[in-house]
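Asks:
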Amino acid sequence: MTGTWIILGAGSALAKAFAREAAKHGAHLILAGRNPQELATQEQDLRLRGAASVTCALFDAMNEQHRGALVAMAAQAKAPVSLYWAIGTMPEEAAMRADAVLCTQMVNSNFTSAMLTCNALLPLFEQQKAGAIVLLGSVAGDRGRKKNYQYGASKAGLAAYAQGLAAHLSAFQVPVLLVKPGVMDTPMTWGKKNPPLPLGVPEGLAKVCWQRAARGGTLYYPWFWWPIMLAILHLPRKIFNKLNF
Ligand SMILES: NC(=O)c1ccc[n+]([C@@H]2O[C@H](COP(=O)([O-])OP(=O)(O)OC[C@H]3O[C@@H](n4cnc5c(N)ncnc54)[C@H](OP(=O)(O)O)[C@@H]3O)[C@@H](O)[C@H]2O)c1
Numbered sequence: 018m019t020g021t022w023i024i025l026g027a028g029s030a031l032a033k034a035f036a037r038e039a040a041k042h043g044a045h046l047i048l049a050g051r052n053p054q055e056l057a058t059q060e061q062d063l064r065l066r067g068a069a070s071v072t073c074a075l076f077d078a079m080n081e082q083h084r085g086a087l088v089a090m091a092a093q094a095k096a097p098v099s100l101y102w103a104i105g106t107m108p109e110e111a112a113m114r115a116d117a118v119l120c121t122q123m124v125n126s127n128f129t130s131a132m133l134t135c136n137a138l139l140p141l142f143e144q145q146k147a148g149a150i151v152l153l154g155s156v157a158g159d160r161g162r163k164k165n166y167q168y169g170a171s172k173a174g175l176a177a178y179a180q181g182l183a184a185h186l187s188a189f190q191v192p193v194l195l196v197k198p199g200v201m202d203t204p205m206t207w208g209k210k211n212p213p214l215p216l217g218v219p220e221g222l223a224k225v226c227w228q229r230a231a232r233g234g235t236l237y238y239p240w241f242w243w244p245i246m247l248a249i250l251h252l253p254r255k256i257f258n259k260l261n262f
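See below:
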């Protein structure tokens with residue numbers, strides 16, 4: 018889907034791969050992130066890769082002025098406007114239990130800000146009756162596990178929001194795709210004790226997101242996380258509670 022893609026969390030490894038995919042298809046891009054220097058470097062690269070235009074926007078997840086400026090920028094952008102949400106943090110669970118500020122920042126960046134940003138852009142999506150919304154959730158949102166239930170709770174909130182948003186926007190022909198990556202090969206998981214499964218490749222996910230955006234729904238990536246999560250969801254509680262993962 019061409020037109021303009023607003024990429025939030027543009028410095029994220031998964032967002033960078035998606036921006037390269039969108040550039041390849043000649044899309045206009047708005048890169049929104051916290052690090053202007055890094056965005057400027059990406060801008061040049063994406064132009065060389067075929068993007069029709071690239072604009073950078075300063076965006077911190079909980080900054081209302083940044084959000085307002087982004088909405089104004091979206092209103093001027095080449096239609097249809099689409100959104101790719103990649104902002105997120107995954108601090109250590111024990112650290113978040115001990116630090117209310119850290120826990121609040123995680124919920125704000127993973128969930129609250131996504132909801133507020135989609136809410137702010139909703140009138141534009143309703144009016145244009147086109148475009149798409151892609152939100153990066155996680156398999157961690159499917160069932161709260163001992164090892165990462167606070168992060169998982171933020172992604173479960175995002176999943177419920179995505180379902181309702183998709184239902185609302187179905188009347189306006191705007192698909193919402195909730196992506197549930199398993200463990201991906203990005204800085205977020207480097208150095209962590211990951212399950213003994215192949216890591217997802219950002220470029221692969223970017224390609225599938227590009228192909229699936231127009232259909233909406235839910236996407237597990239890599240595909241084998243769907244049967245794994247189905248099994249985990251149906252584990253009896255007594256067994257589930259004894260597992261250390
Ligand atoms: N990697 C995985 O295995 C995996 C699995 C499931 C879901 N996901 C989800 O996929 C998304 C992208 O993750 P990733 O693996 O690409 O991780 P990443 O490279 O660490 O990217 C996370 C991005 O979030 C941005 N960010 C964090 N807090 C922010 C804030 N307050 N305001 C603005 N930006 C903020 C970071 O900005 P800076 O560049 O400025 O730090 C960074 O660009 C996240 O939502 C993550 O939860 C990842």
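Take the numbering used here: the last position of the sequence shown gets the number 262, and nothing is skipped along the way. Glycine residues also receive a C-beta, built at the ideal position from the N, C-alpha and C atoms. Please read these numbers as outputs of a predicted model, since none were measured by experiment.
Report all residues from its chain with a CB closer than 7 Å to the CB of A30; omit the five preceding and five following residues, and keep chain order.
Replies: Around A30: T203, P204, P219.
Asks: By DSSP, does P198 sit in helix, in strand, or in coil?
Replies: Strand.
Asks: Compute the Euclidean distance between the alpha carbons of F35 and A177, then round it to the nearest angstrom.
Replies: So the alpha carbons of these two residues sit roughly 24 Å apart.
Asks: Could you tell me which residues DSSP puts in a beta bridge with G234?
Replies: The partner list for G234 (beta bridge, DSSP) reads L194.
Asks: At a cut-off of 7 Å, would you count G233 as near ligand 2, judging by its Cβ distance to the nearest heavy atom?
Replies: The model on display carries ligand 1 but not ligand 2.
Asks: Got a sec: does ligand 1 put a non-hydrogen atom nearer than 7 Å to the Cβ of F76?
Replies: Because some heavy atom of ligand 1 lies under 7 Å away, the Cβ of F76 counts as near it: yes.
Asks: I'd like to confirm something about G50: is its beta-carbon nearer than 7 Å to some heavy atom of ligand 1, or not?
Replies: Answer for G50: yes, Cβ within range of ligand 1.
Asks: Under a three-way DSSP split, which group does V218 fall into?
Replies: The answer is coil: DSSP assigns V218 none of H, G, I, E or B.
Asks: Do V151 and W102 have their C-beta atoms closer together than 8 Å?
Replies: A contact, by the Cβ cut-off of 8 Å.
Asks: Per DSSP, A74 is paired with what?
Replies: A74 pairs with A49.
Asks: Hey, is N127 close to ligand 1, as in C-beta under 7 Å from one of its heavy atoms?
Replies: Within the cutoff, so yes.
Asks: List the residues that DSSP assigns as beta-bridge partners of T21.
Replies: H45, V98, per the DSSP bridge assignment.
Asks: Say whether chain D places a C-beta atom closer than 8 Å to the C-beta of S29.
Replies: Absent from the structure is chain D; it holds one protein chain and no more.
Asks: How about A103: is its Cβ closer than 7 Å to a heavy atom in ligand 1?
Replies: Under cutoff, so the answer is yes.
Asks: For the candidate residues T72, A183, T129, whose alpha-carbon lies nearest to that of F142?
Replies: Measuring from the Cα of F142, the nearest candidate turns out to be A183.
Asks: Distance, Cα to Cα, K164 vs S70?
Replies: K164 and S70: Cα-Cα distance of roughly 42 Å.
Asks: Rounded to whole angstroms, how far is the Cβ of L63 from the Cβ of F76, which I believe are closer than 8 Å?
Replies: That belief does not hold up - the Cβ atoms of L63 and F76 are roughly 17 Å apart, past 8 Å.
Asks: Does I256 come out as helix, strand or coil in the three-state DSSP assignment?
Replies: Of the three classes helix, strand and coil, the one that applies to I256 here is helix, per DSSP.
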